[in-house]
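For reference, the structure is listed below as structure tokens.
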Amino acid sequence: MDDLGLRERKKRQTRLALSQAAIRLTVARGWESVTIEDIAAEADVSVRTFRNYFGGKAEAVAASQLDRGLRIAAELRERPAAEPLWTALTAVVRAQYATPPVAGPEPERDERWLSGLRAVLAVPAVQAEVQRANLLAQEELAAAIAERAGLGAAEVYPRLVAAVVGAGSSVAVAQWLRTDPLGSVVPVLDEVFEHIRAGLPVPAKGDA
């Protein structure tokens, strides 16, 4: 059992290393300038190993998004049962987005880095894979919410809440990229989830 656990951890580490390498390289060099061979070399694995995990660059880039979504669901399952649902959800989402998606020292966040990030996120193949990752993560989060609420995973409420969490997180990231991309996304997430928890009342003029 321990050997199985060790093998699984190593597989996850390799997958994460490949995804992080794909993000680092494509943001730094540009989408078209990075090959699968480059990513494999950056992660210190073979191209064959890369293909064991991912079908292409876009899937590798989006893998970190999927993993973050799955961690949110897993951590929700670990929160105290008596904690209000939206308090727990806000805490786990905040914690995951406070952690940089790329291991090691954070890249120098300047206009060049920002331009590279926006360019990668605008690639149609990346957008499609991110959407797919979000849907997969949303299904897992709905299951975790259903367990917590004592509902069936196919019922409307857990699926609706999971969709709202996903939409809110996406809005926060988009707003962050527009307004303060060299800072932290966490304050924007806090604002988004404050609106959600309040039931989305129309803000007073000047408060939006």
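Residue numbers for the sequence shown follow this note's numbering, so the first one is 6 and each next one is one higher.
By construction, the Cβ of each residue, glycine as well, lies at the ideal position given by its N, Cα and C atoms.
Note that the structure is a prediction, hence the values are computed from the model and not measured.
If distances are taken between C-alpha atoms only, which option among the options comes closest to residue i?
i      : options                       : result
Arg164 : Ala78, Gln18, Ala45, Arg53    : Ala78
Val128 : Pro89, Glu64, Val166          : Glu64
Ala93  : Val170, Tyr58, Ala142         : Val170
Arg183 : Ser120, Ala172, Leu140        : Ser120
Arg20  : Gln143, Ala209, Asp72, Leu187 : Asp72
Pro55  : Gln25, Ala167, Arg117         : The amino acid occupying residue 55 in the given sequence is Phe; Pro does not appear at that position. Looking at the Cα atoms, Gln25 is the closest of the given residues.
Ile201 : Glu134, Thr95, Leu156         : Thr95
Helix, strand or coil: which one does DSSP assign to residue i?
i      : result
Ala86  : coil
Thr31  : helix
Glu134 : helix
Phe198 : helix
Ser69  : helix
Glu111 : Below a pLDDT of 50, predicted positions are generally treated as unreliable, and Glu111, at 49, falls in that range; no measurement from the model is reported.
Leu11  : helix
Once the 5 residues before and after residue i are set aside, which same chain residues still bring their CB inside 7 angstroms of it?
i      : result
Ala168 : Gln143
Ala147 : Ala158, Pro163, Arg164, Ala167
Trp36  : Ala124, Val125, Val128
Leu141 : Leu71
Report the rounded CA-to-CA distance for residue i versus residue j, giving the unit in angstroms.
i      : j      : result
Ala48  : Ile41  : 11 angstroms
Arg76  : Ala33  : 27 angstroms
Ile150 : Lys15  : 29 angstroms
Ala130 : Ala138 : 12 angstroms
Val52  : Gly10  : 25 angstroms
Ala17  : Gly204 : Correcting the residue identity first, residue 17 is Arg in this sequence and not Ala. Approximately 38 angstroms between the Cα atoms of the pair.
Lys62  : Glu116 : 24 angstroms
Ala88  : Ala46  : For the record, residue 88 in the displayed sequence is Glu; it is not Ala. Each residue's alpha carbon lies about 45 angstroms from the other.
Sorted by chain position, which residues of the same chain lie with C-beta nearer than 8 angstroms to residue i's C-beta, five sequence neighbours on each side aside?
i      : result
Arg123 : Leu182
Arg99  : Val191, Leu194, Asp195, Phe198
Val176 : Val197
Glu80  : Val97, Ala100, Gln101
Leu90  : Ile150, Arg153, Ala154, Val166
Ser174 : Val98, Tyr102, Leu194, Val197
Cutting at 6 angstroms between CB atoms, please list the residues of its own chain near residue i, excluding the five before and the five after it.
i      : result
Ala103 : Val191
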